[in-house]
Amino acid sequence: MGSRASSLLREEDIEEIKKETGFSHSQITRLYSRFHSLDKGENGALSREDFQRIPELAINPLGDRIINAFFPEGEDQVNFRGFMRTLAHFRPVEDNEKNKDLTSGEPLNSRTNKLHFAFQLYDLDRDDKISRDELLQVLRMMVGVNISDEQLGSIADRTIQEADTNGDMCISFSEFTKVLEKVDVEQKMSIRFLH
Amino acid sequence: MESYLFPFDSLICMLLGISFTVWFTLLLVFIIVPAIFGVSFGIRRLYMESLVKLFEVSECFVNRFNQIIEKNWFKMSLEQEVQEMRRGGAEPEFDMSDIFYFCRRGVESIVDDEVTKRFTAEELESWNLLTRSNYNFHHISTRLTALWGVGVLIRYGFLLPLRVTLAFTGVGLLVVLTSIVGLFPNGRMKNYLSDKVHLMCYRICIRALTAIITYHDSENKPKNGGICVANHTSPIDVIILASDGCYAMVGQVHGGLMGVIQRAMVKACPHIWFERSEVKDRHLVAKRLSDHVADTSKLPILIFPEGTCINNTSVMMFKKGSFEIGCTVYPVAIKYDPRFGDAFWNSSKFGMVNYLLHMMSSWAIVCSVWYLPPMSRMEGEDAVQFANRVKAAIARKGGLADLLWDGGLKRGKVKEVFKEEQQKLYSKVLVGSSEDRSHS
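Each protein sequence line maps, in turn, to chains A and B.
Residue numbers for the first sequence follow full-length UniProt numbering, beginning at 1 and rising by one.
Residue numbers for the second sequence follow full-length UniProt numbering, beginning at 1 and rising by one.
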């Protein structure tokens, strides 16, 4: 029941999440309602199955990679803090925030952090570089059975050739950033959260 | 000491006796007799109007709940969106930024998706003084709490016992009278009596729920030899439709009280009850339905093609079985007004008894029923297309969202084939551009 859900979220927690992620009070309570409705086991944490129950996510070719991004290394459960931290990457970048002097480092929804989120979708083993093999695997997820191995291989080779500047046949995060420097990442990796 | 109590004792007995008599007389005169004759004093409408005034009073104390995110309703195709994402200039086959499209769509669906919210009760914009619809409505003043308290007293102290009495009366009469009608020989007299008996008992049940129903376009009411299809929100849908017309019900044979009711009903007129084992056999089901429909002396069949209860904000995929039979389909749209009481049955959360208790302790069940003009399968249209056409008409009339998703997703997983469709579409974007390059 909705009212009980919001009462499990304490004011102190809301304040901390607000500081960490930049979401407003009402956005946090609204997202908590959503978190609670996804949490079928009612144990305060989401498992991979809870995410897979969303049909629109289940049919997304990169659904599993996106779900994985919510879970820290080696963990099977994500609590509300972790959930919000990941969602915070998709907050739009407001102009006043660009000028803010933050003592806690870059905000979660900065351009760099958005790019890093996308980078991690490609980087399957989390070793901070995208190998040809990893790129192939992700491409295969996106196209299914509709493109041949050879064609996919040549696509991967061409992509790495374009991006790789230091000749190690892998794409590092800085090379990734360089390739996408003209793309309006702030707009394309943002979701308009209503107040 | 005993000398004190004697006069009080008999006085109390007398008072109790009088109040019971008054109570039952009022019940009979104002509720049961009108139900028998199908007339109405208009008490329920008056009640509904006063409730609306009451809600207006409490309007200012509430929290407006809107969507969480702004979704792009002007949906571009996958191809268009991916092209938009790209860096522009010469079109490469694949761009690393393509991932942004899937990524954003994925996270958007995590925050708010079209399907999972259809299987829980609709959230109201303002509070209707029922505890169960209180989600995050903060700052409830003492005045509002007092109103709520009075509401609880009225609903549980007065309305609930009244409704339960009526429900028992309605169901009891249904069982007894249909069994009696069953003793008559088959013929016009029997059909006439059966219709009257069914209508009367359903009308009593309507009053047992304080259901205030507005029927629109009654000239399109289903006729014999056809199938009536409607969107499904709760078991009450059956009672709502059956109190305005006579239908042949379709369903699985149950045990217990339901079973008793089913067996009694089928004595008076032919309903279609399936054994559990028969339900799986689609051909058997189709045959029995076709046979019934072919016999024009039998009543129209009432079917809910969604197969499960949806929360009345949308219409989900219609199962094609009833649309393959090839007879006239009479679509009906049912839309409940959630302000007075939510009729949706969340069967994963509440059992039937719990649900009925909720129903009978709400303010009222207010709904609108639209009878749509009959539809038949057109030339060159297959069952699925026909089902979708009917579904779109019902959704449009009832003001509900028309979804392609299967109501079975309430319990089951989505089919792989939908993911494969997405992959196919994206592959076209990649391969398509390489074809252009080879030409240039």
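All C-beta atoms, glycine included, are put in the ideal place defined by N, C-alpha and C.
Between Leu289/B and Pro331/B, the C-beta spacing is not below 7 Å.
For Lys419/B, the neighbours in chain A by C-beta distance under 9 Å run, in chain order, Ala58, Ile59, Asn60, Pro61, Gly63 and Gly144. CA-CA distance, Ile191/A to Ile67/A, rounds to 17 Å.
In this structure, Ser376/B places its C-beta atom within 7 Å of the C-beta atom of Thr328/B.
For Leu404/B, there are no C-beta contacts with chain A under 8 Å, since the nearest C-beta of that chain is about 11 Å from it. Beta bridge pairing from DSSP links Lys129/A with Ser172/A.
Counting C-beta atoms within 10 angstroms of its own C-beta, Met378/B has fewer than 16 neighbours from the protein chains shown and is therefore classed as exposed. Scanning its chain for C-beta atoms nearer than 6 Å, with the 5 sequence neighbours on each side dropped, one finds around Arg48/A the residues Ile67, in chain order.
Taking C-alpha positions only, Cys201/B is separated from Gly151/B by approximately 29 Å. Under DSSP, Leu57/A takes part in no beta bridge, so it has no partner. Nearest Cα to Glu73/A within the set Asp125/A, Thr29/A and Glu42/A: Asp125/A. By the rule that beta-carbons nearer than 7 Å mark a contact, Pro55/A touches chain B. For the stretch 355 to 381 of chain B, the set of positions with a beta-carbon nearer than 9 Å to some beta-carbon of chain A is empty.
For Ala121/B, same chain residues with a beta-carbon under 7 Å away, outside a window of 5 residues either side, are Asn311, Asp342, Phe344 and Asn346 in chain order. With a beta-carbon spacing of about 6 Å, Ala333/B and Asn231/B fall inside the 8 Å limit used to define contacts. By the neighbour-count definition (other C-beta atoms within 10 Å, threshold 16), Tyr101/B is a buried residue. In the three-state reduction of the DSSP assignment, Leu8/A falls in the coil class, being assigned neither a helical nor a strand state.
By the 16-neighbour rule on beta-carbons within 10 angstroms, Ser33/A is buried. Interface annotation, Ile69/B: in contact with chain A, CB-CB separation under 7 Å. DSSP assignment within the stretch 338 to 420 of chain B yields the following whole beta strand (DSSP E) runs of 3 residues or more, N-terminal first: 365 to 371. Legend: CB atoms of the stretch 91 to 113 of chain B lying less than 9 Å from CB atoms of chain A belong to residues Pro92, Glu93, Phe94, Asp95, Met96, Ser97, Asp98, Ile99, Phe100, Tyr101, Phe102, Cys103, Arg104, Arg105, Gly106, Val107, Glu108, Ser109, Ile110, Val111, Asp112 and Asp113.
Contact check for Leu404/B against Val115/B fails: the beta carbons are separated by 7 Å or more. Rounded to whole angstroms, the Cβ separation of Ala268/B and Val197/B is 6 Å, and the two are in contact under 8 Å. For Trp127/B, there is no enclosing alpha helix (DSSP H), as DSSP marks it with neither H nor E.
Straight-line measurement puts the Cα of Asp195/B at about 13 Å from the Cα of Ser179/B. Contact annotation for Val431/B against chain A: Ile147 [CB-CB distance below 7 Å, chain order].
Taking the Cα positions, Ala248/B is about 9 Å away from His292/B. Per the coordinates, the alpha-carbon of Thr308/B lies some 22 Å from the alpha-carbon of Glu416/B. The Cβ atoms of Ile110/B and Leu121/A lie no closer than 7 Å to each other.
Under DSSP, the beta-bridge partners assigned to Trp273/B are Gly251/B. Interface annotation for the stretch 21 to 48 of chain A against chain B: Gln27, Thr29, Arg30, Leu31, Ser33, Arg34, Ser37 and Leu38, criterion Cβ-Cβ distance under 8 Å. CA-to-CA, the gap between Lys419/B and Lys287/B works out to about 35 Å.
At a cut-off of 7 Å between beta carbons, Tyr426/B contacts chain A.
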